[in-house]
Structure formats: structure tokens, C-alpha cells
């Protein structure tokens, strides 16, 4: 996580506004976030807002991740509103998901909750301007109800066969236990911090994500190339077909929008269901097909 200053255009409008805390992921917050405005390049789902609220921030701006199925990319706005936390999202077409500095520099507000509206935040504002306005927001009046992301392991081909690891967030991966397996996440497909290890923190056989609407600079798919560099098959599902933040939805509902070279060599294609793709990957692990 890195601090960043508000660009001059916003500072001139709000000369006394403290700079926001800027993070590539809401999962990487330190104690300095308490009482501050947070600009985090995570998707705007419920768990991201929950983590922001648990860090006791004053206001939060996330990425709308293409909004997607059942408006899952905005679910965090409702969670925040319930505890009086001012929250907004920037358009995925205005700044790169997974890159907090880009979000502060280029982001344009797409959606807001009522608490943010009360602070003068509205769609069409720059992210920097919105962050400056949120600096005057009152602290939330409550803490959120307990909320946890899920991890589930499926063994469809018996106890000695390959496993399907369903994790709502890539942060739940287990480096040793999940190595060599098919990992399906609810996370966005944007590479965090430009580090290929952040694509998936294990040597999985394959990994799947939500494309977060793909977005500007194809940001919602940038983990795919990083996985190719590590010889890991990768795919993303269309945000309009699966709820971001929910691995089960990626697996059960998702239709693939893009694959990397390794996955293509194994037979994965855009338009396939994630279930069909996972079956091909399990076949490959068992040696039934060769890349």
C-alpha cells in the first residue's frame, strides 16, 4: 500500500483536505487507514467494503468492476450505507482495477451511496475530487456485521484425483495445499502491483477469475499473461455472467471471456462455461490430454 497526494486540481478546491490512503488492494491496509479516506483498487463487492469498514476508514472509493451480474460490483455500497460509511465506485472504464495510483489519477466516479451523496460526491466527478470531499465525512456510526469469504475444496474424481479449489478471494489460496490444482476464484483478473506472484500465490495448475468488465487497458485480464509466464493455465469469466467476489458463481454461472496461451493449448476457449473448462483442466492433470 502506498500513500499518494491529491493532484493539484483537487487540492486547489479543497486546500485543507488530507491526502487519501491509496492501495492496490483493500486486503493490504495498515493502521494508518483508520480515520482516513481510502482509495482502493479492489472491486466494489461486499467483502471489499467490509474490510474497509473494519479498518475504520472515514470514506472509501472502490472500482465498480463492470458492475456485473446482480450488480455484484456495487454490493459494497449497500453494506457501507448500512453503517453510515460514505462509499463510491469509479468506472472500470476510467482507471485500472488493481492499481490504486491510476485510480486516483484517472478514475471517474460511477456510483455512490447516500452517505457519499451527502458529502457532495456524485457520478462524473474525478476520483481525486471525490476523495477530497469525503475527507469531511463523519466516521461510520457502527461496525459491519461479521462477514467472511468462503473457501471450499471439491474432489469430483475421487479422493486421489485432482482438486477444484473454490476461493472467494485469491488471498485465501494455500501455497502448499493448492499447488498443482485448479483454483477458481471470485477475484478480479487484474494483476496487483505488477508482480507475477500476485497473480496466484501458489504454483497451481490453473486459475480462474472474474474479468471485472475487462475495463480500460484490458486491466481485468492482466493476470493471464502473468500466469503464462509461470506456465499456469488461466481464464477469466465475463462479469455479466458471474457475481464478482463469489467463487461458486465463477464456477457455476460463469462463461469464459478470455484465456491465456497455456489454457488455449489445453482446449479452453472464450464462450465455454467455466464448468466445461474446469473439466478439461482436470483431464489435463490426469494426463488424458496433452498440451
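Numbering (my numbering), first residue to last: 361 to 651. C-beta atoms are modelled at their ideal positions from N, C-alpha and C, and glycine is treated no differently.
Taking the Cα positions, residue 535 is about 44 Å away from residue 478. CA-CA distance, residue 502 to residue 551, rounds to 33 Å. The stretch 624-642 makes no contact with the stretch 460-473; the number of CB pairs closer than 8 Å stays below 3. When secondary structure is reduced to three states using DSSP, residue 452 falls in the coil class, being assigned neither helix nor strand.
Taking the Cα of residue 433 as reference, the smallest distance to any Cα among 441, 588, 522, 603 is reached at 603. In the three-state DSSP reduction, residue 609 falls in the helix class (H, G or I). Annotated three-state conformation of residue 569 is strand, per DSSP. Closest in C-alpha terms to residue 591, from the list 554, 474, 619, 601, comes 619. Here DSSP, grouped into helix, strand and coil, assigns residue 615 to strand.
For residue 513, the closest of 491, 539, 500 by C-alpha to C-alpha distance is 539. Taking a C-beta distance under 7 Å as the contact criterion, residue 545 and residue 607 qualify as a contact pair. By the neighbour-count definition (other C-beta atoms within 10 Å, threshold 16), residue 407 is a buried residue. Non-local beta-carbon contacts of residue 448 in its own chain, meaning distances under 6 Å to residues more than five positions away in sequence, involve 421, 469, 472, 476, 481, 490 in chain order. Shown here, residue 645 sits in a helix according to DSSP, grouped into three states. Counting the other CB atoms within 10 Å of its CB gives residue 436 a total of 16 or more, which places it among the buried residues. Contact annotation: residue 570 and residue 610 have beta-carbon atoms nearer than 7 Å. In summary, residue 498 is exposed, with fewer than 16 beta-carbon neighbours lying within 10 Å of its beta-carbon over all protein chains present. If you check the CB distance, residue 428 and residue 644 do not come in under 7 Å. Residue state for residue 594 is assigned as strand, using DSSP reduced to three classes. The Cβ-Cβ distance between residue 593 and residue 630 does not fall below 7 Å. Shown here, residue 419 sits in a strand according to DSSP, grouped into three states. Beta-bridge pairing by DSSP links residue 471 to 449.
Contact between residue 444 and residue 500 holds, with the beta-carbon distance rounding to 5 Å and staying under 8 Å. Looking at the DSSP output, residue 383 sits in a beta bridge with 400.
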